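Q: Structure provided below as structure tokens; questions to follow.
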Amino acid sequence: MENRQLGASGLRVSRMGLGTMSWGTGTDAEEAANQLVAFVDAGGTLVDTADIYGDGESERVLGSLIGDLVPRTDIVLATKAVARRGDGPFGGGASRGALLTALDGSLRRLGVDHIDLWQLQSWDPAVPIEETLSTVEFAVASGKVRYAGVSNYSGWQLATAAARPSGVRLISTQMEYSLLQRGIEREVLPAAQYHGIGVLPWAPLGRGVLTGKYRTGTPADSRGASPTFAGYVEQHRTDRAARIVQAVVTAADGLGTSPLAVALAWVRDRPGVVAPVVGARDTGQLTGSLIAEEITLPPAIRSALDDVSSIETGYPERWPR
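Counting from 2, one number per residue, gives the positions in the sequence shown under this note's numbering.
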């Protein structure tokens with residue numbers, strides 16, 4: 002698997018990341034181990050989790066596999082803070098106390114002495130950004146964190162955080178981005194490129210819809226059939242999405258590959274993107290994603306997919322012309 006520089010930094014990551022949101026809940030430890038081995042054997046390095054996933058179970062499962070199953074030095078370990086909430090003065094959010102408590106918790110569950118990429122999972126309007134960034138700077142200076150990024154920041158939030166005087170440079174932003182969700186192209190993506198911040202797309206397969214498996218119904222074993230995730234998937238089951246999925250299927254048929262591989266290759270090679278983060282129910286699904294590494298979309302197909310999935314932009318994004 003090819004590697005790419007993550008933002009304006011010296012950190013190199015595989016151009017596909019392994020997501021672990023379901024580890025410890027929908028994905029048990031044995032299946033997680035199989036996925037991790039398959040990913041690393043394919044040359045993957047970026048493994049992404051968060052303290053909120055499964056209330057910490059994702060980090061615990063991943064931590065149990067590091068060292069014994071794969072060497073710590075073979076992976077770029079990324080996790081997140083801020084989203085965990087609770088009662089009390091340090092119950093959650095992006096305050097100094099909450100962040101440092103969250104960091105220690107992640108290190109403990111993961112069983113490591115440092116995080117390679119620590120990400121602020123959302124903007125916290127209740128905390129001054131200066132306090133949040135100074136805490137990240139302290140975490141880096143302590144050696145517990147190597148690099149810092151953010152997730153789900155709007156364009157103005159990303160630009161505000163990136164422009165604040167700080168001893169730590171933000172190198173990544175993790176955002177939903179796919180053929181079905183191109184909203185970040187309006188302001189987030191330009192801000193990221195201007196400030197030298199690499200984009201790590203989450204849900205690059207349109208929450209599973211771009212695989213084509215929902216075209217004729219809802220498979221019983223899919224997220225769309227789950228009471229927990231049905232609403233999550235339903236957001237992308239629209240008439241517009243159906244037209245885009247059909248275009249992806251047509252492109253896949255012409256290239257002799259899967260719709261999954263086409264959709265993943267499209268977002269992977271968008272300007273500003275470093276590595277889509279892909280989660281899988283099982284190793285078979287992950288193997289299907291890894292096939293995208295072999296695919297480079299011809300210009301004509303890429304242009305056709307760009308057209309069918311285009312979004313409206315106008316003032317002020319396209320001003321002046």
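By construction, the Cβ of each residue, glycine as well, lies at the ideal position given by its N, Cα and C atoms.
Only a predicted model underlies this, so the values are computations on that prediction, with no experimental measurement involved.
Mark I312 as exposed unless 16 or more other C-beta atoms lie within 10 angstroms of its C-beta, in which case mark it buried.
A: The residue you call residue 312 lines up with position 311 of the sequence shown. Counting Cβ neighbours within 10 Å, I312 comes out exposed, since fewer than 16 surround it.
Q: When you compare only the Cα positions, how much space is there between G257 and V263?
A: Your numbering for residue 257 matches position 256 in the sequence shown. Your numbering for residue 263 matches position 262 in the sequence shown. Near 10 Å, if we compare the C-alpha coordinates of V263 and G257.
Q: Kindly indicate the opening and closing residues of the beta strand (DSSP E) around V113.
A: Here residue 113 refers to the residue found at position 112 when the sequence shown is read from its first residue. Neither: V113 is in no beta strand (DSSP E) and is coded neither H nor E.
Q: Quick test of your reading: W157 and M176, contact by CB under 8 Å. State the CB separation rounded to the nearest angstrom.
A: Along the sequence shown, read from residue 1 onward, the residue named residue 157 stands at position 156. Along the sequence shown, read from residue 1 onward, the residue named residue 176 stands at position 175. About 14 Å separates the two Cβ atoms, so there is no contact after all.
Q: Using a Cβ-Cβ cut-off of 7 Å (strictly less than) and excluding sequence neighbours within five positions of L70, which residues of its own chain qualify?
A: Walking along the sequence shown from the start, residue 70 turns up at place 69. Answer for L70: A34, L37, V38, listed in chain order.
Q: Going along the chain, which unbroken runs of the beta strand (DSSP E) with 3 or more residues stay wholly within the segment 28-90?
A: Runs of the beta strand (DSSP E) inside the segment 28-90: 47-49, 77-82.
Q: Report buried or exposed for Y54, applying the criterion of at least 16 other Cβ atoms within 10 angstroms of its Cβ.
A: As a position in the sequence shown, residue 54 is number 53, starting the count at 1. Its Cβ being crowded by 16 or more others within 10 Å, Y54 is buried.
Q: Would you check if the distance between the CB atom of I67 and the CB atom of L12 is smaller than 8 Å?
A: The residue given as residue 67 occupies position 66 in the sequence shown. The residue given as residue 12 occupies position 11 in the sequence shown. No; because the gap between Cβ atoms is not below 8 Å, this pair is not in contact.
Q: Name the residue from A305, I296, R241 whose alpha carbon lies nearest to the alpha carbon of T251.
A: Here residue 251 corresponds to residue number 250 of the sequence shown, with the count starting at 1. Comparing Cα positions, the closest option is A305.
Q: Please state whether DSSP places T239 in a helix, a strand or coil.
A: Along the sequence shown, read from residue 1 onward, the residue named residue 239 stands at position 238. Correct three-state label for T239: coil.
Q: Name the two residues that bound the continuous beta strand (DSSP E) containing E177.
A: The residue you call residue 177 lines up with position 176 of the sequence shown. Here the beta strand (DSSP E) through E177 covers 171-177.
Q: Beta-carbon separation of V169 and A149 under 8 Å?
A: Here the question's residue 169 lines up with position 168 in the sequence shown. Here the question's residue 149 lines up with position 148 in the sequence shown. It is a contact, given that the beta carbons lie within the stated cut-off.
Q: With 16 other CB atoms within 10 Å as the buried threshold, where does G57 fall?
A: Here residue 57 is taken as the residue at index 56 of the sequence shown, counted from 1. Under this definition G57 is a buried residue.
Q: Excluding the 5 residues flanking L7 on each side, which residues of the same chain have their C-beta closer than 6 Å to its C-beta?
A: Numbered from its first residue, the sequence shown carries residue 7 at position 6. For L7, where only same-chain residues beyond five positions count, the Cβ hits under 6 Å are V14, I172, S173, G199, V275.
Q: In three-state DSSP terms, what is L121?
A: What you label residue 121 is simply residue 120 of the sequence shown in a count that begins at 1. Reduced to three states, the DSSP call for L121 is strand.
Q: Less than 8 Å between the beta carbons of D52 and G18, yes or no?
A: Position 51 of the sequence shown holds residue 52. Position 17 of the sequence shown holds residue 18. No.
Q: Mapping DSSP to helix, strand and coil, what is A149?
A: Numbered from its first residue, the sequence shown carries residue 149 at position 148. A149 falls in the strand class under three-state DSSP.
Q: Quick check: L265 and L181, are their CB atoms within less than 8 Å of each other?
A: If you number the sequence shown from 1, residue 265 lands on position 264. If you number the sequence shown from 1, residue 181 lands on position 180. No, the pair does not count as a contact, with Cβ atoms beyond the cut-off.
Q: Could you check if G273 is buried or exposed, using at least 16 other CB atoms within 10 Å of its CB as the buried criterion?
A: Residue numbering aside, residue 273 sits at position 272 when the sequence shown is read from its first letter. Buried: at least 16 other Cβ atoms inside 10 Å.
Q: So for P300, helix, strand or coil by DSSP?
A: As a working note, residue 300 is residue 299 in the sequence shown. Helix, per DSSP.
Q: What does the alpha-carbon distance come out to for the pair E138 and S310?
A: Here residue 138 corresponds to residue number 137 of the sequence shown, with the count starting at 1. Here residue 310 corresponds to residue number 309 of the sequence shown, with the count starting at 1. Whole-angstrom Cα-Cα distance: 39 Å.
Q: Using DSSP with H/G/I as helix, E/B as strand and the rest coil, what is G20?
A: Taking the sequence shown and counting its residues from 1, one reaches residue 20 at position 19. Note: G20 maps to strand in three-state DSSP.
Q: Tell me, which residues are paired with P202 by DSSP?
A: Within the sequence shown, residue 202 is the residue found at index 201, counting from 1. Answer is M176, bridged to P202.
Q: What is the C-beta distance between D49 and V278, in whole angstroms, given that I count them as a contact (C-beta under 8 Å)?
A: Looking up residue 49 in the sequence shown gives position 48. Looking up residue 278 in the sequence shown gives position 277. Right, the Cβ-Cβ distance comes to about 5 Å (below 8 Å), so this counts as a contact.
Q: Is it right to say T314 is buried, meaning 16 or more other beta carbons lie within 10 angstroms of its own, or is it exposed?
A: Counted from its first residue, the sequence shown places residue 314 at position 313. Classification for T314: exposed.
Q: On the criterion of 16 or more Cβ atoms from any shown chain inside 10 Å, does P72 qualify as buried, or is it exposed?
A: Translated into positions along the sequence shown, residue 72 becomes position 71. Classification of P72: exposed, given that the 10 Å Cβ count is below 16.
Q: With DSSP as the reference, label V128 as helix, strand or coil.
A: For this step, residue 128 is matched to residue 127 along the sequence shown. Correct three-state label for V128: coil.
Q: Sort G45, A43, R319 by Cα distance to E188 and report the nearest one.
A: Looking up residue 188 in the sequence shown gives position 187. The candidate whose alpha carbon is nearest that of E188 is R319.
Q: Just how far apart, CA to CA, sit E294 and G64?
A: Position 293 of the sequence shown, counted from the start, is the residue given in the question as residue 294. Position 63 of the sequence shown, counted from the start, is the residue given in the question as residue 64. Near 27 Å, if we compare the C-alpha coordinates of G64 and E294.
Q: Just the C-alpha distance for W124 and S155, rounded to the nearest angstrom, thanks.
A: Here residue 124 corresponds to residue number 123 of the sequence shown, with the count starting at 1. Here residue 155 corresponds to residue number 154 of the sequence shown, with the count starting at 1. In a straight line, the C-alpha of W124 is about 9 Å away from that of S155.
Q: May I ask you to report which of helix, strand or coil DSSP gives R187?
A: Against the sequence shown, residue 187 aligns to sequence position 186. In the structure shown, R187 sits in coil (DSSP, three-state: anything other than H, G, I, E or B).
Q: Could you check how far apart the C-beta atoms of V113 and L78 are, in whole angstroms? I think they sit under 8 Å.
A: On the sequence shown, residue 113 is found 112 positions in, with the first residue counted as 1. On the sequence shown, residue 78 is found 77 positions in, with the first residue counted as 1. Rounded, the Cβ-Cβ distance is 7 Å, consistent with contact.
Q: Roughly how many angstroms separate the alpha carbons of L118 and T80, rounded to a whole number?
A: Along the sequence shown, read from residue 1 onward, the residue named residue 118 stands at position 117. Along the sequence shown, read from residue 1 onward, the residue named residue 80 stands at position 79. So the two alpha carbons sit approximately 7 Å from each other.
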